[in-house]
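Just so we're aligned, residue -1 is where the sequence shown starts under the working numbering, counting upward by one. Input: a single structure, listed below in structure tokens.
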Amino acid sequence: MKKIKDVVVPFFQGRYGVDKFSKFLTRLSIVLLILGLLFGLWFFILLGLAIIIYSDFRIFSMKFNKRYMEEQAYINFVNKLKFETERRINICKDLKVNKIVKCPNCGQKIRLPRKKGKISIRCSTCNIEFIKRT
């Protein structure tokens, strides 16, 4: 009698396997299936099933190059999303400490510290001096 290991291991040899993108797809499909079942949304159920079928297709695929390219596109997208989110969070944190004003002459944005009262500012672009409250 053959052991399970003797049957399963040869089947998975040469397959692409599980990567970050297939893990994301599997989690997304589970969320969609749960939402579809809770709220009776058949579209979510069908979409969840389609995504899990695609995820399994990726896992069992033998086309390493195509699956690798898909995963790299996913990783690049996630990294851009993280970078943009961190950038926006940093802007919000900076706005608590600093105030952005525009030069009345050229429109150049100038960052000033908050709660300093009226201060005299010289624009670095057009050298116009003006007064603003911070």
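Glycine included, every Cβ here is placed at the ideal spot set by N, Cα and C. Just so you know, these numbers come straight off a predicted model, no measurement behind them.
For Glu69, which of Lys94, Val16, Phe10 has the nearest alpha-carbon? Val16
Pick out whichever of Asp54, Leu35, Lys130, Phe75 has its Cα sitting closest to the Cα of Gly115. Lys130
Environment of Ser122 [buried if 16+ CB atoms lie within 10 Å]: exposed
Per DSSP, what kind of secondary structure is Pro111 in: helix, strand or coil? strand
Buried or exposed: which applies to Ser27, given that a residue is buried once 16 or more other Cβ atoms fall within 10 Å of its Cβ? buried
If you follow the beta strand (DSSP E) that Ile49 is in, where does it begin and where does it stop? Note, Ile49: premise wrong, no beta strand (DSSP E); alpha helix (DSSP H) at 40 to 58.
Can you give the beta carbon distance from Cys90 to Ile126, rounded, assuming they're within the 8 Å contact cut? The pair is not a contact, with the Cβ atoms about 29 Å apart (cut-off 8 Å).
Compute every distance between the C-beta of Lys64 and the non-hydrogen atoms of the ligand NAP, then say whether any falls below 7 Å. In the structure on display, the ligand NAP does not appear, and there are no ligands present to speak of.
Pick helix, strand or coil for Val99, following the three-state DSSP scheme. strand
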